[in-house]
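Take a look at the structure set out below.
Have a look at this one:
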């Protein structure tokens, strides 16, 4: 793990520095998500986001990114379509990536079904199409990450994720502890000293939601360890569009996303970041220094 | 024009009867459109609607139709993607229907570009795929109509539209006066005595919007002529989703659609229908009697 414990110094900061990326996932998913994400980026504490290319509201998010080429916006590589009545298809035709679609031609509704059906060959083809389409629409991506962490779900998927990162010279979101805890394999056989791993990854989970999202985020910021950390959130407004998208999903639903928006646009959030001497950093800065 | 002047009697009504379909277009376009359409169908004066299969909110509209197999819901055959940041692709892969897509793989943004680029062969393939996909999702379509009237834009397109109607035994929306006024050709060489044409077609246009939508709808109902008429509306809520979809479009935008919703859910609308002795009729009734 030399590559992660030394990362802060490689980036030019003191070893004890707390470096943090505050990252909005799911940009492009919906109009509600787009409007809230743009507000958190422009007036909140969020400093990074990534775009879902296959979704209906992708063009609006891409237009935002195109107009701000220096903003820290990446590609949120997407292989699942997990909501009930609001679905999306791959960028490639279903018959070109048959293992990635369900019987209705939409992407699989869960990572479990992705693991069950998807071939590595189809994943690679579709993800290349997503990155190329993002670039075609004027995005200058700063990084890659993975919707629902599907690309770390098994080592064969991880190898595609790493290959695309190296080929496009784009850092990707990867955290050893998260993978060990959620999926249970050791990533060391797959990575090199050139790959950038975040030291700490924070993302609210159902028990955090039940206990109170604002408390979770406050505690996360107040207890941040030295090293490179990322906090993932999903800002959106708790409105009729988002409620309809997340219908029958108790978690990561419209109210959850409104809490994300509320906290990361609050004065309290900005004050804690300042008080705790947290240094915000972007994927673009990491890319420029290490890629 | 015997087939239209005799239509009311062929349907079993007195020749002087005013028959009216009150039709919501664009079901499936957006969550706002879906929610408003369902309310106008369930509690308003709207008695018919048609679904856009290629759009992101199609699955929600199809689930509604599947649960109500006797509702008067058809397929809104779609060949254009006309909004700025919210776009859709054909059901078929772009390389299967290359003449139907722009350089970004979305459907053309205007009927003019459709006329310029689309081949009749690609139109037929794509429309078959839309109808079949609608049926796959559980819709029992009662009729066909055409988004932005693109299928009457030239006689070659009209022949595909008529062929699908005859083959699927589904009535379609067609009105001679509308085509003569807007496109300028005579449809008689293309139709037979078996095709059902509505005698009168009403759809608010920009000058009606400028003069006041509610007045337009009141006058239309109060001055309805005997025969089979259809009024087309596009109910949606004037909310952030619909405003974002219709950005930079002065007409058929979010406020226009809210007026449609407001009038056709009003007590006044129901009262005028009753007072003017207007007989509401559905495409399903027409289909059962004449197909």
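Protein chains in written order, with this note's numbering: chain A, 1 to 291; chain B, 1001 to 1291.
In this text, a Cβ means the ideal position worked out from N, Cα and C, and glycines have one as well.
Host beta strand (DSSP E) of residue 100 of chain A (start-end)
No beta strand (DSSP E) holds residue 100 of chain A; DSSP gives it neither H nor E.
Please report the residue range of the alpha helix (DSSP H) in which residue 1211 of chain B lies.
Per DSSP, residue 1211 of chain B is one residue of the alpha helix (DSSP H) stretching across 1206-1211.
Whole beta strand (DSSP E) elements within the region 204-280 of chain A, 3-residue minimum:
Correct list: 227-233 and 278-280.
Between residue 1 of chain A and the rest of its own chain, which residues show a CB-CB distance below 6 Å, the 5 nearest in sequence each way excluded?
Here residue 1 of chain A scores only 40 on pLDDT, less than 50, and its place in the model is too uncertain to base an answer on.
List, in chain order, every chain A residue whose beta-carbon is nearer than 7 Å to that of residue 1067 of chain B.
Near residue 1067 of chain B there are no residues of chain A at all, since even the closest Cβ is about 12 Å away, more than 7 Å.
Taking the alpha-carbon positions, what's the residue 144 of chain A to residue 287 of chain A distance?
In this model, residue 144 of chain A and residue 287 of chain A are separated by some 11 Å (Cα to Cα).
Run down chain B in chain order and give the residues with a C-beta less than 9 Å from the C-beta of residue 239 of chain A.
1239, 1240 and 1241
Quick one, which of A:199, A:120, A:233 and A:205 has its alpha-carbon nearest residue 227 of chain A's?
The residue from A:199, A:120, A:233 and A:205 with its alpha-carbon nearest to that of residue 227 of chain A is A:199.
Per-residue DSSP class, three states only, for residue 188 of chain A
helix
Chain A contact for residue 1003 of chain B (CB, 8 Å cutoff)
Here the model assigns residue 1003 of chain B a pLDDT of 44, short of 50, so the residue's position is not dependable, and the following value carries that caveat. Chain A contact via Cβ: absent.
My output table needs one value for residue 1178 of chain B: the three-state DSSP class, helix, strand or coil.
helix
Using a Cβ-Cβ cutoff of less than 6 Å, which residues in the same chain neighbour residue 1216 of chain B once the five nearest sequence positions on both sides are dropped?
1204 and 1208
Taking the alpha-carbon positions, what's the residue 120 of chain A to residue 160 of chain A distance?
7 Å
Here's a check: name, in chain order, each residue in its chain whose Cβ is nearer than 7 Å to the Cβ of residue 1272 of chain B, leaving out the five neighbours to either side.
1218, 1221 and 1222
Sequence ranges, alpha helix (DSSP H) only - wholly within the region 108-151 of chain A, length at least 4:
111-117 and 120-136
Separation of residue 256 of chain A from residue 249 of chain A, as counted between CA atoms:
11 Å
First through last residue of the alpha helix (DSSP H) which encompasses residue 23 of chain A:
From DSSP, residue 23 of chain A is part of no alpha helix (DSSP H) but of the beta strand (DSSP E) over 18-27.
Please list, in chain order, the chain A residues whose beta carbon lies closer than 9 Å to that of residue 1129 of chain B.
Under the 9 Å cutoff, chain A gives no residues; its nearest Cβ is about 10 Å from residue 1129 of chain B.
Would residue 290 of chain A pass as a contact of residue 196 of chain A if the rule is Cβ separation under 8 Å?
With respect to residue 196 of chain A, residue 290 of chain A sits close: the two C-beta atoms are nearer than 8 Å.
Neighbour-count burial assignment, residue 1016 of chain B, 16 or more Cβ in a 10 Å radius
For residue 1016 of chain B, the number of other beta carbons within 10 angstroms of its own is below 16, and it is reported as exposed.
In three-state DSSP terms, what is residue 1193 of chain B?
coil
Within 7 Å: the Cβ of residue 1248 of chain B and any heavy atom of the ligand ZN?
Annotation note on the ligand ZN: not contained in the displayed structure, which lists no ligands.
Could you give the distance in angstroms between the alpha-carbon of residue 3 of chain A and the alpha-carbon of residue 188 of chain A?
Bear in mind that the predicted position of residue 3 of chain A carries a pLDDT of just 44, short of 50, making it unreliable; the figure below should be weighed with that in mind. C-alpha separation (whole angstroms): 11 Å.
Proximity test, Cβ basis, 8 Å: residue 59 of chain A and chain B
yes
Should residue 25 of chain A go down as buried or exposed, given a rule of 16 or more other Cβ atoms within 10 Å for buried?
buried
So what's residue 4 of chain A in DSSP terms, helix, strand or just coil?
The predicted model places residue 4 of chain A with a pLDDT of 45, which falls under 50 and marks its position as unreliable; any figure quoted below should be read in that light. Here residue 4 of chain A sits in helix by DSSP.
Candidates B:1253, B:1225 and B:1163, of which the one nearest residue 1234 of chain B by Cα
B:1253
Using a Cβ distance threshold of 8 Å, determine whether the region 94-103 of chain A contacts the region 1275-1284 of chain B, with at least three qualifying pairs required.
Verdict: no, contact absent.
Between the C-alpha atoms of residue 1157 of chain B and residue 1150 of chain B, what's the straight-line distance to the nearest angstrom?
Answer to the nearest angstrom: the Cα atoms are 8 Å apart.
Short check: CB of residue 79 of chain A to CB of residue 147 of chain A, under 8 Å?
Residue 147 of chain A is positioned such that its CB atom lies closer than 8 Å to that of residue 79 of chain A.
Contact set for residue 1295 of chain B: own chain, Cβ-Cβ below 8 Å, skip 5 residues either direction
Shown here, chain B extends from 1001 to 1291; a query on residue 1295 of chain B therefore has no answer.
Residue 77 of chain A - partner residues in DSSP beta bridges:
Per the DSSP secondary-structure output, residue 77 of chain A pairs in a beta bridge with A:146.
Measure the C-alpha to C-alpha separation of residue 1137 of chain B and residue 89 of chain A and round it to an integer number of angstroms.
15 Å
Could you confirm whether any beta carbon from chain B is found closer than 8 Å to the beta carbon of residue 272 of chain A?
Not closer than 8 Å to any Cβ of chain B, the Cβ of residue 272 of chain A fails to qualify, so no.
Indicate the three-state DSSP secondary structure (helix, strand or coil) for residue 1013 of chain B in the structure shown.
coil
Residue from A:76, A:141, A:66 and A:44 with nearest C-alpha to residue 265 of chain A
A:44
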